[in-house]
Amino acid sequence: MYIEDYQKSRYLVIMDKLKEEIEKGNLTAGERLPSETELAKNFKVSRSTVREALRVLEQENIVTKKHGIGTFINQKPLYSNGIEELFSVTDLIQRKGYTPGTKLIFSDYITPNKNEKQKLGLKDNEKMLLVKRIRTSNGDPLVYCIDKVPQCLLPNECKLDRESIFDFLEAKVNIKIDYATTSIGTTSYLPEISDALKCDMETPLLVLKQSHYDENDRLVLYSINYFRSDNFNFHVFRKRLK
1 MYIEDYQKSR YLVIMDKLKE EIEKGNLTAG ERLPSETELA KNFKVSRSTV
51 REALRVLEQE NIVTKKHGIG TFINQKPLYS NGIEELFSVT DLIQRKGYTP
101 GTKLIFSDYI TPNKNEKQKL GLKDNEKMLL VKRIRTSNGD PLVYCIDKVP
151 QCLLPNECKL DRESIFDFLE AKVNIKIDYA TTSIGTTSYL PEISDALKCD
201 METPLLVLKQ SHYDENDRLV LYSINYFRSD NFNFHVFRKR LK
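So for the sequence shown, full-length UniProt numbering puts the first residue at 1; every next one is plus one.
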């Protein structure tokens, strides 16, 4: 197969061709791609060009490289969402028509460490509510959620159990989350979290760290959510400023 589209970087053309084969079903989830040498020969390009195409495809979570074994097609994510809209995990699951569930790991008031005090704006003697939960979709583990709320915002002994954190804050203490600042990253195998989500050691985790604010610009919640990367894809709509 010879590529003649010289107006586009060759590695991008290879990416498009491989994506097209996946969409057509000619390449399926779990299938191993030909070696870099074979792909370079098929596309009539250098191995470095193929390597760059595969590198970007791995960044996009379309393929996974397994050292010493090969490059494999990933399963298409069940959830693909833009993060411009602020939503709870419960909303995310329900929008797909699935049934959300919760497995509570921990819920109690604790003394925050220095970093947590700084993030939540707490004084030395103030505690926070720490909640660790596994959110499920039709019974399958999907997201490992860690939520932190300043104790001063909550009634005495008020604890979060199985409900949406957004619904909990609004119903219990009349706090409505208005917006959040978010950072997105990835992490490799974490025993406690990966095992809880039934991920193997080769499956990375998508990590969303969010600071949530109410309508008065008050920080009311800090959350860290770990998503199975084989089930999730997050994207952002960007528009060029004129």
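Heads up, the beta-carbon is just placed ideally off N, CA and C, and yes, glycines get one too.
Self-check item: DSSP state of T37 mapped onto helix, strand, coil
Solution: Three-state result, T37: helix.
Self-check item: Closest residue to D199 among S229, F166, Q210 (Cα-Cα distance)
Solution: One point to set straight first is that residue 199 is Cys, not Asp, in the sequence displayed. Restricting attention to S229, F166, Q210, the CA atom closest to the CA of C199 is found in S229.
Quiz item: Exposed or buried, which one is S9 when buried takes at least 16 other CB atoms within 10 Å?
Solution: It counts as exposed.
Quiz item: Just how far apart, CA to CA, sit S188 and P155?
Solution: S188 and P155: Cα-Cα distance of roughly 38 Å.
Practice problem: Enumerate in chain order the residues of its own chain whose CB-to-CB distance from K103 is below 6 Å, with the five nearest sequence positions on each side excluded. | Solution: These residues qualify, in order along the chain: I134.
Quiz item: Which value, in whole angstroms, describes the spacing of the CA atoms of N26 and L122?
Solution: Roughly 55 Å separates the two Cα atoms.
Quiz prompt | Cβ pair Y222, K117 closer than 9 Å | solution = At a Cβ-Cβ threshold of 9 Å, Y222 and K117 do not count as neighbours.
Quiz prompt | Residues near E21 in its chain [Cβ-Cβ closer than 6 Å; skip 5 each side] | solution = Answer for E21: L27, listed in chain order.
Quiz item: Alpha carbon to alpha carbon, what distance is there between N225 and Q151?
Solution: Rounded to the nearest whole angstrom, the C-alpha separation of Q151 and N225 is 21 Å.
Quiz prompt | Burial state of Y11 (16 or more Cβ within 10 Å) | solution = By the 10 Å Cβ count, Y11 comes out buried.
Quiz item: Can you tell me whether F106 is buried or exposed, with buried defined as 16 or more other CB within 10 angstroms of its CB?
Solution: Its Cβ having fewer than 16 others within 10 Å, F106 is exposed.
Quiz item: From T37 to G68, what does the alpha carbon distance come to, in whole angstroms?
Solution: Rounded to the nearest angstrom, the two C-alpha atoms are 14 Å apart.
Practice problem: Could you tell me which of N138, G30, V143, G185 sits nearest to K132, measuring between CA atoms? | Solution: That would be V143, whose Cα lies nearest to the Cα of K132.
Self-check item: Option nearest V207 by Cα separation, candidates I193, E52, L120, F43
Solution: Nearest to V207 by alpha-carbon distance, out of I193, E52, L120, F43, is I193.
Quiz item: Between the Cα of T111 and the Cα atoms of T64, M128, S137, which residue gives the shortest distance?
Solution: The residue with the shortest Cα to Cα distance from T111 is M128.
Quiz prompt | Cα-Cα separation between K172 and V220, rounded to whole angstroms | solution = Rounded to the nearest angstrom, the gap between the Cα atoms of K172 and V220 is 13 Å.
Quiz item: What number of angstroms, rounded off, separates the C-alpha of R32 from the C-alpha of Q59?
Solution: Straight-line Cα distance between these residues: approximately 17 Å.
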